[in-house]
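Everything below concerns the one structure shown next.
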Amino acid sequence: MNPIITGFAKGIERFGIEPSRVCVASDIPFEPEVVSHLGIDFFHTTRGRSIAFGTGLKLANPTLRVVLFVGDLMTLGGNHFVHAGRRNMELLVICVNNFVYGKIGGQPTPSTPITFSPYATFEEPFNVPHLANSCGAVYTARWTALHTDELTISMTEALGKQGFSVIEVLSPGPNYYKGIKEIESNLIDFYFENSVIKNGEDPRNVGISPEGKIVVGKFTDKERPTFIDSYNTQLTKVLGDKFIPYGGKNG
Amino acid sequence: MMKANPKGILSGTHNLSGSEACVEGALAAGCRFFSGYPIQPAIEIMQRFLARAPQVGATFIQMEDEISAIAALLGAVWTGKKGVTATSGPGFSLMMENLGLGVMLETPCVIVNVQRAGPSTGIPNRPGQGDMMQARWGSHGDYEIIALSPSSPQEMFDFTIKAFNLSERYRVPVALMSDEYVAHLREKVVISPASEIKLEPRRYYEGPKDKYLPFKRDEDFVPRMVDIGNGYKFHVTGLTHDERGYPIMSEECQEFNVHSIVRKIRRHADRIFEVQEAETDDAEIVIVSYGVTSRVALKAMEQARESGMRVGSLKLITVWPFPEKRVAELAKKVKAFLVPEMNYGQIVFEVERCSYGNANIVFIPYGEKEVDDPDDLLSAIKQAIREKKPRKGIIEYNK
Amino acid sequence: MGSLKTIESKEVHPMDNLLRMDRIPHIWCPGCGIGLAVSAFANALEKAKIDLNKVCIVSGIGCTGRVAGYVKLDSFHTTHGRAIPFATGIKLGNPKLKVVVFSGDGDLISIGGNHFIHAARRNIDMLVICVNNFIYAMTGGQVAPTTPLAAYATTSPYGCVEPPFNIPYIADSSGAVYVARWTALHIRRLTNSMAEALNKTGFSVVEVISPCATYYSRINRLGDGLDMMKFYHDNSEIRHWEDTKNLDIGFQTKITVGKFVDRERPTYNESYNKWLSGIRGAQDEG
Amino acid sequence: MNPITNGSLGLGVLKMKADPRDVNTGVYYIDGDVAAGQGALAAGCKFIGGYPITPSTEAAEAFARIAPQAGAMFIQMEDELASIAAVVGASWAGVKSMTITSGPGFSLMMESIGFGAMLETPFVLLNIQRAGPSTGVPTKTGQADMMQSRWGSHGDYEIIVISPDSPQEMFDYTIKAFNLAERYRCPVMVMADECVGHMTEKVAIPPADEIEVEPRRFYDGKINEYLPFRPGEDLVPRMAKAGDGHKLYITGLIHDERGYPIKNEEYKSTYTKRLVDKIRLNKEKIIELIEEETDDAEVVVVSYGISSRVAVKGIEKAREKGIKVGSLRLITVWPFPDAKIAELAKTVKAFVVPEINYGQIVFEVERCSYGEANVVLVPHGGGGVHNPDDMFDAIEYASKEKKRIEGTIEYKTRLEKSVFEEGGKLQE
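And the structure:
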């Protein structure tokens, strides 16, 4: 987690947004000290609901910059993910992925690693950038937690994007690996060493499979009207003067 | 009743945690399907099942959330498998909608809830008993359900089998309301030989194929089942339906359908409910408890008896249906009921209701101390004995 | 419905053994396309030559959700959005069955969107028939995640502001092995597609664009069911193997139909069995 | 809106009037769902997240039509899980928010209701009950989610539930629900039903200056000293909103006053206790009842929602026959008026409880009467309302029964007899 938060903090600083306008909703609890250091508002939501929660925050106060940290491979929140993408809600989703566990050291044995695996290894994982792209995200990128510079650049760029942006970060999740320090450090190195940067690659080709390299990079960067934009456009068109455009200074 | 299939039964004496015992119980009961989603502190049940699945040829799936876990479970049960899912507080809340579907389709299945401290995310790795009322009332609409509450790994094993038997017998989802403490507690568990484990077979329909009515009730008021894929071509729906399973949107059908679902359990409540009593014959104080708190209750009772206080214990094995009659009977004899719970008052309201003002009710809420410390209970017993006048309402014990 | 007598007639319609004639008449409005989809499905069942006793159909909630009640197979009408996980359970409980999920766009893509993408990712062997009428019809014409931009619905009284889902694209990108789209007009091609998909192993999706004369076309003043059919006739373009990302549907724009994806991937059951035998092998060695 | 947030001021001062821009003053002929939408608007609600479900959709549709002109937002989310999560989020962004649903959607919302209660988030949930369980009869009425509203989420929490019985009350009590939610910083549920939701009646919307609105009780102290969960007056903490530099840390885990998660059991027992106590100790201020002729009554009809309107017929008939009947209508069903029932139980012979379910609130009445009065349940499975004759018969029976009977006496309705005993045919 830590390299990601560092990247995030640097992103906020470089982009130059007032931290108090940044609001993080997350499935993963942050350390209180970290939040206080970042100077943001932080909401630890129920599992999987952070994107829906963030949608509420953003719509009720469009001046906020809402960032979501999503763990658990979006399993519970997959639906909120695809729909927020479709609406092009102005949210930045940082998807912390730790799923390739079964890959290291070959196949798992029934007694040990699989029990730690958040995902049974006989299932194929999502290709997150492709899914995000196909449901309409305007920005998708993937990095490992060790690509610190690239991650910071991506965070800075994505904070400035108008629309649904997704950054997938491959990183061992602390919850599943408690007490197995050895694996944790190995895994993160494994990701880094096996990755290859291919900016602008078609997201459909960046699926992660047990064979081959992990493709990282920035895959999507496009423009689409956000939810609030199209809301205002459509309603002004229909209602004319009677409509109070949404998302003014005070929401 | 029939005997269990020896395949998959680890007969003998083991040192198992509650979670492991639960899985062994499920396998002994012939359960061959598990669908779940990882959640603390129910994760061990899932892991154990996954580890045991290859050995017994069981099917396991980790779904995308708890909603789909229970939906998949219901689907699997209709193929003829016995199935189980395990979860905890937040997951249990997500299952509520499809628990209602299970009730409406009268699908036998077992839902293990390893209760943790709530509400919301609460404390994921600490025990609680805050979902007891939810088990009975958590889904919308009227229904009745069976809930069991084990207090030890041995009971996790036994009650899991009992839960499967009850669910097959009455065609109703059964909730096994365990808690983090029991699920993680490691104790001796005796697994009897298969020949001594009695199982309730599924109540299959045995008539001509074209005459099958999925919701026609037999003499016990329970409808008969068939498996998918055998040419019965039946239809079932979550809408209010008649005997054929076809939806009819009328108040008569609603009365027929839903009242039958409620009656099915209420009519057999006396047969379903089970309590364990200890020294209630001459007791002036009776501790009503369930699950892990009953361990403390028994300890407190013994200590109190040693110092000459006439204390008895009523341990609820089935929390739902609630043993109304037994509590009402006891209320007339005793001075007070003591109800320790790891929540801020749930089952105590039921005890209050069923004692009809005949006994004082003392409630001991979520303790600050470890669950197995009987001190609070002992001093509450002393207080209750000292109390001379009958008092209405729940007296909350002050530490 | 329940009190209606079974229609007694000496003549037997060829569909009679596939439909629950004691449930007819059905609840769908005149001009609706769901009946056509059901009829195509019934024909496809015959065409696919599979044992009808081993086919089971699961529906969710909504107009299309009622399909399960009219098809004479083992049929389940489940809760809103949960048809796919329910069907997953059936498939895993008894892998010999052919499971068909027949439901609407709101049910499968809105509330059940998560189950949809996850079942596709797992490649659970089932056929999903998604009738897309661009609106929530059963509840009275609310905006759906498939409602085209600027189209009207009761909960978007000033025009829909959200871009719609492109169902084949989302199915494709989450891993479906067979994806096709037809309108309710393309009965023959639809039947062929369904028959083909019934014999396909893996997560297959057939999207059926269907008119909703009562809500979608009435609110948007598009005429009745027949007018919509006419529109489909004039504006559908058959383009097989088109890249799924180009399949967006706008408000009264061209609709691209065809078969877009047909590939092979190991199903969940296959991977699971492989995993099981791997473990069994390991245990035997140990 | 300009809430007065000076902590030193008393409660009375905190009350303010509705914003005239949000109030469509006038007399209308509208249904309950639409009235609830108007009520929400008048109460200052600026955000509704919903998902279509019969029979609650009209309320969402009504709000969707009026929202854009009032600077409010209506969004139809992808499911009920998302709707309620968005509503909790919107509330923390500083606006009053509401969600609308019915039975199955209500069940899906259970997890996040606990989340809302844990975060002490003010929001309103409108549940237009239909006949259940599961899909049941979507288009017809029921009252079987009453216990669910109190106990449906896991863990211990307390909640406020209001049950209106007419479109006018849908308007009035939606406003009251917002006021209570803001006052006690907790989710408040308006448990209406299909009958009330679809009933069209006269609804008078008063001028804005006659509508009392409770503004959000924002924290107004120094920025770095804000503690989101420090109990203030009546155990209720002050609220802040996201984006004001408070560096909020809000979690559904058990937390301390700062909002930081703690894993100390000891603290839990005091912290979550407050969630419960905040409502239990303020019970008398929250409870609203309508009591009629209970002084010398021998039978009291305890009812809520639509059942109370049907009960009136039975009560009138009984009075004509000389039976002394009183009526106790629960406006707030939760917290339950324990003390009031216990007090009445001493003087009356029996309670008659009509409910459109097979026994929910009747068990509470039974509990609180401590065996001092008989308790008669007039059940109805839903899909319609009671037959007033049943109501009368039950009252008559209750007034004649001499024996004290333990437990709830289930009155056998005409409907039940016709379905189960007389071999009645099930008809559409």
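Residue numbers (the working numbering), protein chains in the order written: chain A, 1070 to 1320; chain B, 131 to 529; chain C, 3 to 288; chain D, 34 to 461. For glycine and all other residues, C-beta sits at the position ideal for the given N, C-alpha and C. Small disclaimer: the values here were computed from a predicted structure and weren't measured.
Taking all protein chains in view, the Cβ of residue 496 of chain B is crowded by 16 or more other Cβ atoms within 10 Å, so the residue is classified as buried.
Only exposed fits residue 314 of chain D, as fewer than 16 other CB atoms lie within 10 angstroms of its CB.
DSSP, read as helix, strand or coil, puts residue 125 of chain D in helix.
Here residue 360 of chain D carries a strand assignment [DSSP, helix/strand/coil].
For residue 104 of chain C, the secondary structure class from DSSP, reduced to helix, strand or coil, is strand. With fewer than 16 neighbouring CB atoms inside 10 Å of its own CB, residue 1310 of chain A falls in the exposed class. Fewer than three pairs of CB atoms, one per stretch, sit closer than 8 Å, so the segment 101-116 of chain D makes no contact with the segment 242-253 of chain D. Think of a sphere of 9 Å around the beta carbon of residue 244 of chain C: no beta carbon from chain A falls inside it, the nearest being about 15 Å out. Contact between residue 511 of chain B and residue 434 of chain B holds, since their C-beta atoms are separated by about 5 Å, short of 8 Å. Contact between residue 234 of chain B and residue 279 of chain B fails: their C-beta atoms lie close to 25 Å from each other, not under 8 Å. A straight line joining the alpha-carbon of residue 42 of chain C with that of residue 1298 of chain A spans about 41 Å.
Contact check between the segment 41-57 of chain C and the segment 352-362 of chain B: three or more CB pairs, one atom from each, fall below 8 Å, which counts as touching. Minimum Cα-Cα distance from residue 106 of chain C among the listed residues C:96, C:118 and C:98 corresponds to C:118. The alpha helix (DSSP H) runs lying completely inside the segment 191-236 of chain D and spanning 4 residues or more are 200-217 and 227-231, given in chain order.
Annotation: the continuous beta strand (DSSP E) that includes residue 1161 of chain A extends over 1160-1166. When Cβ-Cβ separations below 9 Å define contact, residue 250 of chain D makes no contact with chain A. Listed as beta-bridge partners of residue 78 of chain D by DSSP are D:129. Residue 204 of chain B and residue 1204 of chain A have their alpha carbons spaced roughly 31 Å apart.
For residue 301 of chain B, the CB contacts under 6 Å within the same chain, skipping 5 residues up- and downstream, are 236, 238 and 352 in chain order. According to the DSSP secondary-structure assignment, residue 329 of chain B is paired through a beta bridge with B:132. Neighbours of residue 160 of chain C in chain D, taken as residues at a C-beta separation under 7 Å, are given in chain order as 101. When 7 Å is used as the limit between beta carbons, residue 110 of chain D is near these residues of chain A: 1121, in chain order. In the DSSP assignment, residue 246 of chain B is bridged to B:257.
Interface with chain A (9 Å Cβ-Cβ cutoff): residue 220 of chain B is included.
In the DSSP assignment, residue 243 of chain C falls outside any alpha helix (DSSP H) and carries neither an H nor an E.
The three-state secondary structure of residue 34 of chain C, taken from DSSP, is coil.
When the Cα atoms are used, residue 134 of chain C and residue 82 of chain D turn out to be separated by approximately 24 Å. When DSSP reads this structure, residue 450 of chain B sits in a beta bridge with B:277. The C-beta of residue 1128 of chain A comes closer than 9 Å to at least one C-beta of chain D. Of all C-beta pairs linking the segment 149-167 of chain D to the segment 179-193 of chain D, three or more are shorter than 8 Å, placing the two stretches in contact. Under the criterion of beta carbons closer than 8 Å, residue 174 of chain C and residue 163 of chain C do not qualify as touching, at roughly 26 Å.
Taking one beta carbon from each stretch, the segment 436-453 of chain B and the segment 407-415 of chain B have 3 or more pairs nearer than 8 Å; the two touch. Exposed is the label assigned to residue 237 of chain D, since fewer than 16 other Cβ atoms lie within 10 Å of its Cβ. Taking residue 278 of chain C as reference, the option from B:154, B:287, B:166 and B:182 with the minimal CA-CA separation is B:182. In the three-state DSSP reduction, residue 487 of chain B falls in the coil class, being neither helix nor strand. Two segments are said to touch when three or more pairs of C-beta atoms, one from each, lie closer than 8 Å; by this definition the segment 97-106 of chain D does not touch the segment 228-243 of chain D.
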